[in-house]
Amino acid sequence: MTETVQAPDTPRALPLANAALAAGLLANAAGQSLLFVLLPPLGRRLGFSDIQTGALLSLSALLLIVSAPAWGYASERIGRRPVLLLGLAAATGAPLLFAGIASARLDGAIGVVLALAAFGLVRGVQALAGGGLLPVAQAYMADTTPPGERAGGMGLLGAAYGIGAILGAAVAWGLGGTTPALAFGVVAGLGMAGLAAVALATPEPVRGGDGDATGGAADGAVSLAAVWPFLLVTLLAITAYGLLQQVMALRLQDAWGFSTQEATSAAGGIMMATSFIMILVQGIGLRLLRWAPAQLLRSGALLAMLALALATLARGRWELLAGWELLAAMGLFGAGIGLMLPGNLASLSLRAGPRAQGRVAGLNAVGQGIGLSLGPILGASLHQMSPTVPFLAALLLLALVSATAIVATATGPDNSAVQP
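Counting from 6, one number per residue, gives the positions in the sequence shown under our numbering.
What follows is the structure in structure tokens.
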């Protein structure tokens with residue numbers, strides 16, 4: 006097996022680079038989380054319909070289908086750093102523009118149509134410029150971790166994203182219901198800090214090798230036959246997650262009688278708790294369990310499926326318990342996702358080979374883009390039928406994820422246990 010490549014600096018410089026990379030992902034995740042939690046109820050205040058808000062989020066996600074594989078391929082040619090810096094610049098600028106648009110609309114300075122178009126334009130540019138951030142960060146981690154530590158490395162990225170999601174949800178919880186412009190400003194500040202961290206502390210890694218025991222091609226070609234089940238897992242799981250983010254506040258409003266401000270705060274709290282559990286699992290649990298990627302993937306998918314069954318059945322019949330059943334179920338869902346996603350990313354990386362990490366990460370981001378596109382619009386549409394129907398749909402998606410994971414990981418390099 007080819008020896009794992011390292012960053013060109015000394016080994017002690019690598020933890021600093023990984024910390025900077027994690028800070029950048031944290032900042033980007035905070036902005037994404039805030040937008041998904043805040044925009045559905047804020048959209049109603051701005052005069053957007055639920056379908057328009059869902060379409061707004063979905064349209065931008067569709068652009069990831071174009072930008073992510075292109076940036077993944079480009080990172081193999083121009084390097085990882087330029088793509089990471091561009092994505093973080095977009096993560097900084099977009100929230101500032103969202104703040105201005107929301108303020109102008111709430112003050113009556115612009116109409117509904119102009120506000121909707123402006124949100125769509127800014128979000129679209131952000132998606133095109135920042136579409137390579139996550140896949141190239143994953144490729145960077147694959148460049149600098151040996152196969153036996155791949156799941157842990159992906160878990161670190163997941164934990165950083167989870168912390169960012171908590172911060173974004175916390176900002177929505179504390180500020181989104183009353184001062185949405187300030188909420189956008191806070192995540193823009195985080196984006197600026199993340200951009201500075203990556204610019205100053207993340208070196209360009211040495212990439213490529215002559216192949217390894219995972220079966221990847223030495224010329225960087227990607228075998229779709231080897232990776233398509235894991236791309237499908239990404240598609241289905243992200244669709245389910247995006248669906249839940251879209252309808253969480255709406256279910257609290259329409260099924261349990263929460264006000265707009267109450268629903269915004271409660272949904273932010275629920276998603277914050279979900280992300281917190283995910284962080285604990287990815288940051289601590291993976292290192293304690295030391296399971297093979299395939300075992301992480303299978304176990305996490307089954308646990309997430311159980312959690313969504315409980316979330317679907319949550320009723321909130323008593324005022325004291327309204328929302329708490331959903332909170333507990335989503336916490337369990339966070340634990341399942343915390344196991345499943347790093348396992349899936351590690352399996353995908355191991356089956357791609359060392360010189361195809363950027364390409365396969367870009368393809369994986371296509372699945373994420375389609376999922377983020379389908380999830381919000383699917384959630385908004387199904388919510389019109391009943392507030393519980395979107396949760397049932399998410400449950401069915403996770404059932405398909407579980408079946409795919411069990412079949413795809415029956416054999417392969419991802420069944421090897423993590424090296425002590």
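Even for Gly, the Cβ is constructed at its ideal location relative to N, Cα and C.
Remember, predicted model here, so these are calculated numbers, not experimental data.
Cβ-Cβ distance between residue i and residue j below 8 Å
{"i": "residue 248", "j": "residue 384", "result": "yes"}
{"i": "residue 236", "j": "residue 368", "result": "yes"}
{"i": "residue 400", "j": "residue 279", "result": "no"}
{"i": "residue 36", "j": "residue 381", "result": "no"}
{"i": "residue 287", "j": "residue 341", "result": "no"}
{"i": "residue 173", "j": "residue 391", "result": "no"}
{"i": "residue 26", "j": "residue 142", "result": "yes"}
{"i": "residue 406", "j": "residue 242", "result": "yes"}
{"i": "residue 163", "j": "residue 32", "result": "no"}
{"i": "residue 166", "j": "residue 62", "result": "no"}
{"i": "residue 353", "j": "residue 232", "result": "yes"}
{"i": "residue 122", "j": "residue 374", "result": "no"}
{"i": "residue 156", "j": "residue 291", "result": "yes"}
{"i": "residue 445", "j": "residue 265", "result": "With the chain covering only 6 through 425, there is no way to say anything about residue 445."}
{"i": "residue 273", "j": "residue 177", "result": "yes"}
{"i": "residue 398", "j": "residue 387", "result": "yes"}
{"i": "residue 97", "j": "residue 28", "result": "no"}
{"i": "residue 420", "j": "residue 260", "result": "no"}
{"i": "residue 185", "j": "residue 43", "result": "yes"}
Boundaries of the alpha helix (DSSP H) in which residue i is found, first to last residue
{"i": "residue 297", "result": "Segment: none, residue 297 is in no alpha helix (DSSP H) and carries neither H nor E."}
{"i": "residue 140", "result": "138-148"}
{"i": "residue 369", "result": "362-388"}
{"i": "residue 185", "result": "185-206"}
{"i": "residue 320", "result": "Looking at the DSSP string, residue 320 is not in any alpha helix (DSSP H), and its letter there is neither H nor E."}
{"i": "residue 349", "result": "329-357"}
{"i": "residue 409", "result": "394-413"}
{"i": "residue 209", "result": "From DSSP, residue 209 is part of no alpha helix (DSSP H); its letter is neither H nor E."}
{"i": "residue 91", "result": "85-111"}
{"i": "residue 255", "result": "229-259"}
{"i": "residue 124", "result": "117-135"}
{"i": "residue 114", "result": "Neither: residue 114 is in no alpha helix (DSSP H) and is coded neither H nor E."}
{"i": "residue 275", "result": "265-285"}
{"i": "residue 180", "result": "Here residue 180 belongs to no alpha helix (DSSP H), and DSSP marks it neither H nor E."}
Residue environment, residue i, which counts as buried when at least 16 other CB atoms sit within 10 Å
{"i": "residue 83", "result": "exposed"}
{"i": "residue 171", "result": "buried"}
{"i": "residue 20", "result": "exposed"}
{"i": "residue 22", "result": "buried"}
{"i": "residue 289", "result": "exposed"}
{"i": "residue 251", "result": "buried"}
{"i": "residue 414", "result": "buried"}
{"i": "residue 126", "result": "exposed"}
{"i": "residue 324", "result": "With a pLDDT of 48 at residue 324, under the threshold of 50, the modelled position of this residue cannot be trusted; read the value that follows with caution. When all chains shown are included, residue 324 counts as exposed."}
{"i": "residue 431", "result": "The chain is shown from 6 up to 425; residue 431 falls before or after that span and cannot be answered."}
{"i": "residue 150", "result": "buried"}
{"i": "residue 346", "result": "buried"}
{"i": "residue 504", "result": "This structure leaves residue 504 out entirely; the chain is present only between 6 and 425."}
{"i": "residue 349", "result": "buried"}
{"i": "residue 132", "result": "buried"}
{"i": "residue 339", "result": "buried"}
{"i": "residue 88", "result": "buried"}
{"i": "residue 196", "result": "buried"}
{"i": "residue 13", "result": "Low confidence applies here, because residue 13 scores a pLDDT of 40, under 50, leaving its location unreliable; read the following figure in that light. It is exposed - the Cβ of residue 13 has fewer than 16 other Cβ atoms within 10 Å."}
{"i": "residue 99", "result": "buried"}
{"i": "residue 217", "result": "The predicted model places residue 217 with a pLDDT of 43, which falls under 50 and marks its position as unreliable; any figure quoted below should be read in that light. With 16 or more Cβ atoms within 10 Å of its Cβ, residue 217 is classed as buried."}
{"i": "residue 293", "result": "exposed"}
{"i": "residue 301", "result": "buried"}
{"i": "residue 191", "result": "buried"}
8 Å contact criterion, which residue i and residue j should meet: CB distance rounded
{"i": "residue 85", "j": "residue 210", "result": "6 Å"}
{"i": "residue 94", "j": "residue 205", "result": "Residue 94 to residue 205, Cβ: 14 Å. No contact."}
{"i": "residue 182", "j": "residue 108", "result": "With 8 Å as the limit, residue 182 and residue 108 do not qualify as a contact, their Cβ atoms being about 15 Å apart."}
{"i": "residue 116", "j": "residue 73", "result": "About 33 Å; that fails the 8 Å criterion."}
{"i": "residue 140", "j": "residue 355", "result": "Wrong, their Cβ atoms sit about 16 Å apart, outside the cutoff."}
{"i": "residue 134", "j": "residue 91", "result": "6 Å"}
{"i": "residue 120", "j": "residue 189", "result": "In fact, because the Cβ distance is near 14 Å, the residues do not count as touching under 8 Å."}
Near the ligand FAD: residue i beta-carbon under 7 Å from a heavy atom
{"i": "residue 375", "result": "The ligand content of the structure shown is nil, which means the ligand FAD is not present either."}
Chain C contact for residue i (CB, 8 Å cutoff)
{"i": "residue 257", "result": "Checking the listed chains, one finds no chain C in this structure; it contains a single protein chain."}
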